[in-house]
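The structure appears right after this line, and notes come after that.
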């Protein structure tokens with residue numbers, strides 16, 4: 251399944267950031283007088299950006315100004331927590347190296363705030379040859395809107411059909427489909443395998459080695 255342009259989700263696809271997100275989230279909830287959550291619950295909240303994460307975790311009624319305040323607190327806590335609370339999935343650096351060496355164009359598209367996305371990728375993957383790393387930016391609709399994926403395809407100089415969207419969630423698959431790209435689901439992330447199957451991914455991978463073989 252060769253695609254010239256490869257667009258990777260970040261959390262749950264390249265890295266396991268659950269511990270860092272959960273630590274920052276629970277500190278934020280505590281600071282704002284809300285109940286905290288275990289990792290299993292936080293896992294279910296991840297995927298649609300910081301504001302939705304906070305909205306889901308807060309529970310009950312909360313105003314947009316309340317989310318604004320919590321988001322500011324969360325960013326402070328996450329800046330302190332993400333390095334010790336993020337792990338690279340086994341085999342991912344080697345996979346990225348092989349894909350780049352084979353001539354594929356590589357990018358990251360995340361709903362994580364853009365500054366954190368860039369900092370995380372450049373810190374954890376210093377040798378990776380990503381052409382573009384994009385997180386959530388105010389001027390661009392977040393996934394599953396295809397705008398970010400189409401922006402990357404244009405930056406690659408490729409038609410969307412020559413690109414693939416790779417991720418651990420049905421949202422990633424929906425993004426790829428709406429952009430007219432191939433879709434590849436990874437099963438090691440935060441979302442149920444059954445849901446990924448039901449979403450109709452073009453291919454599925456159980457580990458980084460299998461994903462690499464699918465994409466080469």
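In our numbering, the protein residues as written are 251 to 466.
Heads up, the beta-carbon is just placed ideally off N, CA and C, and yes, glycines get one too.
On a predicted model such as this, the values are computed, not experimentally measured, just so you know.
Contacts around residue i, its chain only, beta-carbon distance under 7 Å, and the 5 residues preceding and following it disregarded
i           : result
residue 412 : 253, 254, 255
residue 462 : 345, 348, 349
residue 342 : 264, 458
residue 410 : 400, 403, 429, 430, 431
residue 425 : 393, 394, 396, 399, 415
residue 451 : 423, 433, 434, 435
residue 351 : none
residue 295 : 303, 306, 307
residue 427 : 433
residue 276 : 286, 287
CA-to-CA distance, residue j to residue i, given in whole angstroms
i           : j           : result
residue 439 : residue 458 : 12 Å
residue 326 : residue 302 : 17 Å
residue 262 : residue 417 : 8 Å
residue 443 : residue 437 : 6 Å
residue 292 : residue 272 : 6 Å
residue 441 : residue 365 : 25 Å
residue 479 : residue 340 : Within the shown structure, residues of the chain are numbered from 251 to 466, placing residue 479 beyond reach of any answer.
residue 330 : residue 286 : 18 Å
residue 288 : residue 274 : 12 Å
residue 316 : residue 322 : 10 Å
residue 383 : residue 391 : 16 Å
residue 313 : residue 466 : 47 Å
residue 446 : residue 376 : 30 Å
residue 309 : residue 388 : 24 Å
residue 328 : residue 338 : 17 Å
Residue i - DSSP class collapsed to helix/strand/coil
i           : result
residue 430 : coil
residue 435 : strand
residue 257 : strand
residue 453 : strand
residue 417 : strand
residue 266 : strand
residue 285 : coil
residue 298 : coil
residue 228 : No answer is possible for residue 228: the residues shown for the chain start at 251 and end at 466.
residue 461 : helix
residue 400 : helix
residue 424 : helix
Close beta carbons around residue i, own chain, < 6 Å, minus the five adjacent residues each side
i           : result
residue 320 : 278, 282, 304
residue 360 : 260, 367, 385
residue 449 : 420, 423
residue 354 : 256
residue 378 : 346
residue 406 : 255, 355
The ligand NAP heavy atom lying under 7 Å from the CB of residue i
i           : result
residue 394 : Only the bare structure without any ligand can be found here, which leaves the ligand NAP out of the picture.
Cβ neighbours of residue i in the same chain (closer than 8 Å, five flanking residues each side left out)
i           : result
residue 336 : 265, 266, 267, 269, 270, 370, 374
residue 258 : 264, 356, 357, 358, 359, 416, 417
residue 363 : 299, 300, 325, 385, 386
residue 372 : 383
Residue ranges of each alpha helix (DSSP H) within the segment 300-387, 4 or longer: 300-308, 314-331, 342-351, 364-374
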